[in-house]
Amino acid sequence: QNQGIGVTTTARGFFGEAVPVTAMSLTEVTSFALKCHNGKHVKADTNGDLKASSTVIKDLEKFDLIHHDDGRVSLRSFQGKYVTADRNGDVRASSASIEDGSKFEVVKHDGGLISFNSIRGYVAAEMNGKIRANRTIIGAWERFQLKDRSQKQRKASGDAGITPSSPKRDDCNGAVGIFDTFCQLESVFLAEERYAKTHADRTAVAF
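Set out below in structure tokens:
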């Protein structure tokens, strides 16, 4: 049974009682993917539809985890939309702001699996891959494996020598980190190319 919204949640399902989880246990997670009972990952399509259909983790399979003071969390898709459970139980990544249906309790289970409880019910990945939030108990379909991608996100930013707020690297202006080296090499190659072209033109005129 669910013991209400708060920092600690516990749930009972087909497989016994879950391990209590606090919001603090997920505070280091900022980017993640969700693997479902069918072995597929949840994907947020560009139209907001959520489906457990991906065998690999790319941008559309990654979500940002937003923590709230009451212990609940929100999920934000790659398109910047929040995952929301509608009145009919449909779950889509289509909300531009955080609503009541966009906040979820996190329930942790043995084996590293988690469940999400919304104001509409527990979130489930149905047999056809459709994501719904209309369950009153936790079974296999309501359990997800959370794959933390926070470290990879930070490493990617660090390797590039940029922060998420930095502009994209389209030229050598304002180069940082390793890009400085590439830009310097590019300048050398361009200079050699200009010299070779000029030398060839002068040789042709001489003859």
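According to this note's numbering, the sequence shown is numbered sequentially starting from 595.
Just so it is clear, CB atoms sit at the ideal spot from N, CA and C, and this is done for glycine as well.
These figures come from a predicted structure and were not determined experimentally.
Compare the C-alpha of N722 against each of E622, N632, A627 and name the closest.
Distance check between N722 and each of E622, N632, A627 places N632 closest, using alpha-carbon atoms only.
From what residue to what residue does the beta strand (DSSP E) around I708 run?
It spans 707–712 - the beta strand (DSSP E) in which I708 sits, taken as one unbroken run.
Suppose you measure from the CA of D639 to the CA of L654; what does that come to, to the nearest Å?
Computed Cα separation, rounded: 7 Å.
Nonlocal neighbours in the same chain, by C-beta distance under 7 Å from S689, ignoring five residues either side
Setting aside the 5 residues that flank it on each side, S689 is surrounded in the same chain by K675, Y676, T678, S696, each with a C-beta closer than 7 Å to its C-beta; the list follows chain order.
Distance check for T730 and I692, CA to CA, integer angstroms please.
Whole-angstrom Cα-Cα distance: 23 Å.
If you drop the 5 nearest sequence neighbours on each side, which residues of the same chain put their C-beta closer than 7 Å to that of E720?
Shown here for E720: same chain residues with a beta carbon closer than 7 Å to its own, the five before and five after excluded, namely R726, W735 in chain order.
Note down, one range per segment and in chain order, each beta strand (DSSP E) of at least 3 residues found wholly within the region 710–744.
Fully enclosed beta strand (DSSP E) runs of 3 or longer: 715–719, 725–729, 738–742.
What separation, rounded to the nearest whole angstrom, lies between the Cα atoms of L707 and R737?
The straight-line gap from Cα to Cα measures roughly 6 Å.
Given this structure, state the Cα-to-Cα distance separating L628 from Y716, to the nearest angstrom.
Their Cα atoms are separated by approximately 15 Å.
Could you check the C-alpha separation between S668 and H662 for me, to the nearest Å?
The alpha-carbon atoms of S668 and H662 are separated by roughly 8 Å.
Alpha carbon to alpha carbon, how far is K637 from D694?
Going by the C-alpha atoms only, they are around 22 Å apart.
Figure out for me which residue from K634, S625, K724, Q673 has the closest Cα to the Cα of T544.
Any answer about residue 544 is impossible in this case: the structure gives the chain only from 595 up to 801.
Could you pull the DSSP bridge partners for I660 from this structure?
Its beta-bridge partners are S668.
Report the CB separation of S625 from S744 in whole angstroms; it is logged as a contact under 8 Å.
For a cut-off of 8 Å, the C-beta gap from S625 to S744 is around 5 Å, short enough to register as a contact.
Compute the Euclidean distance between the alpha carbons of A769 and E622, then round it to the nearest angstrom.
In this predicted model, A769 has a pLDDT of only 35, less than 50, meaning its place in the structure is not dependable enough to derive any value.
Would you list the one or two residues that DSSP bridges to D684?
Residue pairing of D684 in beta bridges, as defined by DSSP: R726.
Give me the DSSP bridge partner(s) of V700.
Beta-bridge partners of V700 (DSSP): F710.
Name the one or two DSSP bridge partners that H635 has.
When DSSP reads this structure, H635 sits in a beta bridge with K629, S648.
May I ask which residues mark the beginning and end of the beta strand (DSSP E) holding A679?
676–679 is the extent of the beta strand (DSSP E) around A679.
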